[in-house]
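Engineer: The structure under discussion is supplied below as structure tokens; questions concerning it will follow.
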RNA sequence: GCUGCUGUAGCUCAGAGGUAGAGCACUCCCUUGGUAAGGGAGAGGUCGAGAGUUCAAUUCUCUCCAGCAGCACCA
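Residue numbers (this note's numbering): 147 to 798.
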């Protein structure tokens, strides 16, 4: 046994421990096992931390050596090294470019640069070429620990003000780690690979250039960000690029056009012109939600679109969101001044007005007021995105007026309500994020404890998992956000549940308690879909346009093969329509191939082809979207099956 | 809102300082064809809007509008 201060014991994943000199590096450890491992090694996990092979280990620890086969670590290192290599390439090509930061992100990395000239798409090719040169040089990666003053001096001398600012923003006064890829230097936490040649040169691609604010602050400089994707092998890169192509095909803006669902135009930016097909989805979904809400104990109401600023001032929205409201000024006759109104950006204050009419008793609580509330918000132009982020939208909004003691039960009831709806709409999984008290808040700690406790207990009562988002709640209360994952792994916030004692206070809502005195109710803001526009966008992208049959705007096309079958086609359509199926005839003078192609492109789920044989036998030939084979079935059977399939899930 | 890019026929796109083209879609004619595009003809555009440079602008410059990507924002 060596003396305690110079020998340490390292435990390997298989449970074996070996003794090493203190200060040994993971690289040395790998070399001590075999020369081939020394070559293949890329990093190590030491006591759970990701370690560079060059960092000294001073204490007893567990250790696992990583190679390119360890996907998680390999991806991180490859992407991180590529960020540095890209920054080096950019500075080699354009030496007056200032570097800032370049983190690893999902599937790749980005790096932000400050350069007077904008990068062009052609530049990406140049940079990529230079990066490959750097990789081929197999330049060693070197690391040193510097004290701050030296690092700051270094960056000041090299004219890198962003790096100076970064160092000054790092709390504490610990020394900093510096890295070199060849002669190119960057401030970096690490870890990194051992030399640039360890980066697979054929498994990365520079994707795009975009603006990004320095430190994410819109008051500061706009930098140029270059995004790249990288993997451990070129097949994985190819798979990723394929996935992106698939995602592009599902884009609701493209499908919306192809399926003739809606359009938007310059005169009404961020607002939807729904076409018959899209509006069929919308109303079918709304009818469904209306039935679910009624069954769930909600009372539906409707409130005005244009509301005087006085109400928005009282609610506090005028002060905070005036910039984002559509203002409507009206010159009223004989009035001393113009009436200033705003299109309602949200429904809550209006719902409190409904609550406030007449005296409410504790016996009325919980009172659940629902509205398909059409809201209009002047969203920043750059935020608009198809029908997913719009200026005019309709929420499936509701507010539950209740006592503090009723919050937990209402919350649990809502989670189950929402889960049931998501399930019906084809989303099996969703994620709950629980946002708790922020730094700046109103209300006593005692009250926060109670309300947060109620939400947590409610989630647990439903047996669901959640992730905590400490500090992300509103200033007046905690909230739950519900996230859906679509078919290609993208995550969307839809549902929400928010506890609000503030607005009832501001707008003077009260109820008479058992004690005969006035009390302040809590208000629970909640939505399942969020907005119909956004949710329909998600439905389209999630299903790639192949919506569940009951939601498909065009469910069945009955197509004649010969014109002698046209009369029978009309019979079939009538039979289907009588069974509440959205069926239409296609008796155009076109070949069946043509009709099949056209309706397949339009994502019609069922095509029924009808020729001489079908007329003779009172049958139809069924072809389902995406299937090649067809099946001959009796008309009566098909009508029954499709009639059932067309029924919304809550009515089955 | 910020940075960059884009805007030509319903859609996808080509084009050039001398007032425009393709494919699909559309209309008409021929074709009655059995599961992803049968053939022919025709019609369709103030080249996003406004200003400037020029003998001449859809093309070059500027401003505005809208869209796209990212950032910031999302009650």
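All residues carry an ideal CB built from backbone N, CA and C; glycine is no exception.
Source: prediction; values computed, not measured.
Rounding to the nearest angstrom, what Cα-Cα distance links residue 483 and residue 475 in this structure?
Structural biologist: Cα to Cα, residue 483 sits roughly 10 Å from residue 475.
Engineer: In this structure, what does DSSP give as the bridge partners for residue 548?
Structural biologist: Residue 548 is bridged to 668.
Engineer: Pick helix, strand or coil for residue 438, following the three-state DSSP scheme.
Structural biologist: Note: residue 438 maps to helix in three-state DSSP.
Engineer: Does the distance from the C-beta atom of residue 177 to that of residue 212 stay below 8 Å?
Structural biologist: Not in contact: residue 177 and residue 212 (Cβ atoms no closer than 8 Å).
Engineer: What are the boundary residues of the beta strand (DSSP E) that includes residue 138?
Structural biologist: Nothing about residue 138 can be reported from this structure: the residues present for the chain run from 147 to 798 only.
Engineer: Name the one or two DSSP bridge partners that residue 212 has.
Structural biologist: Partner(s): 189.
Engineer: Need the endpoints of the beta strand (DSSP E) that residue 454 sits in, please.
Structural biologist: Its beta strand (DSSP E) spans residues 452–454.
Engineer: Which residues mark the beginning and the end of the alpha helix (DSSP H) in which residue 353 is found?
Structural biologist: It is not in any alpha helix (DSSP H) - residue 353 instead sits in the beta strand (DSSP E) that spans 350–359.
Engineer: Taking 8 Å as the threshold (C-beta atoms), are residue 691 and residue 435 in contact?
Structural biologist: Result no, Cβ atoms of residue 435 and residue 691 do not sit closer than 8 Å.
Engineer: What residue from 279, 270, 790 and 736 has the CA that sits closest to residue 353's CA?
Structural biologist: Here the closest residue by C-alpha is 270.
Engineer: Compare the beta carbon distance of residue 253 and residue 375 with 8 Å and say whether it is the shorter of the two.
Structural biologist: Their beta carbons are under 8 Å apart, which means residue 253 touches residue 375 by this criterion.
Engineer: Could you tell me the alpha carbon to alpha carbon distance between residue 463 and residue 526, rounded to whole angstroms?
Structural biologist: Near 17 Å, if we compare the C-alpha coordinates of residue 526 and residue 463.
Engineer: Who are the near neighbours of residue 603 in its chain, counting only those whose CB is closer than 6 Å to its CB and skipping five residues on each side?
Structural biologist: Answer for residue 603: 554, listed in chain order.
Engineer: When we look at the beta-carbon of residue 765 and count the other beta-carbons within 10 Å, is it buried (16 or more) or exposed?
Structural biologist: Buried, because 16 or more other Cβ atoms sit within 10 Å of the Cβ of residue 765.
Engineer: Are the Cβ atoms of residue 273 and residue 251 separated by less than 8 Å?
Structural biologist: Their beta carbons are not under 8 Å apart, which means residue 273 does not touch residue 251 by this criterion.
Engineer: Excluding five sequence neighbours on each side, which residues of the same chain lie with their C-beta closer than 6 Å to the C-beta of residue 552?
Structural biologist: 512.
Engineer: Kindly list the residues whose CB is nearer than 7 Å to the CB of residue 715, restricted to its own chain and excluding five residues on each side of it in sequence; keep chain order.
Structural biologist: Contacts found: 704, 706, 731, 733 and 756.
Engineer: Run the CB neighbour count on residue 542, radius 10 Å, all protein chains shown included, and call it buried at 16 or more, exposed below.
Structural biologist: With 16 or more other Cβ atoms within 10 Å, it is buried.
Engineer: Might you give, ordered along the chain, the residues of its own chain that have their beta carbon closer than 6 Å to the beta carbon of residue 491, omitting 5 neighbours on each side?
Structural biologist: So the list reads 471, 521 and 523, once near-sequence residues are dropped.
Engineer: Buried or exposed for residue 574, going by 16 or more other Cβ atoms inside 10 Å?
Structural biologist: Answer is exposed; the Cβ neighbour count stays below 16.
Engineer: From residue 485 to residue 456, what does the alpha carbon distance come to, in whole angstroms?
Structural biologist: The straight-line gap from Cα to Cα measures roughly 10 Å.
Engineer: Check the C-beta distance from residue 358 over to residue 371 and give it rounded, since I have them as a contact under 8 Å.
Structural biologist: The pair is a contact, with the Cβ atoms about 4 Å apart (cut-off 8 Å).
Engineer: Would residue 337 be called buried (16 or more neighbouring beta carbons within 10 Å of its own) or exposed?
Structural biologist: Classification for residue 337: buried.
Engineer: Work out the CA separation of residue 299 and residue 799 for me, nearest whole Å.
Structural biologist: Residue 799 lies beyond the residue range present for the chain, which begins at 147 and ends at 798; the question has no answer from this structure.
Engineer: Report the option in 493, 637 and 723 whose CA atom is closest to the CA atom of residue 546.
Structural biologist: The shortest C-alpha separation from residue 546 is found at 493.
Engineer: Could you tell me whether the segment 331–351 touches the segment 281–300, where touching means 3 or more Cβ pairs closer than 8 Å?
Structural biologist: The answer is yes - the segment 281–300 touches the segment 331–351, with three or more Cβ pairs under 8 Å.
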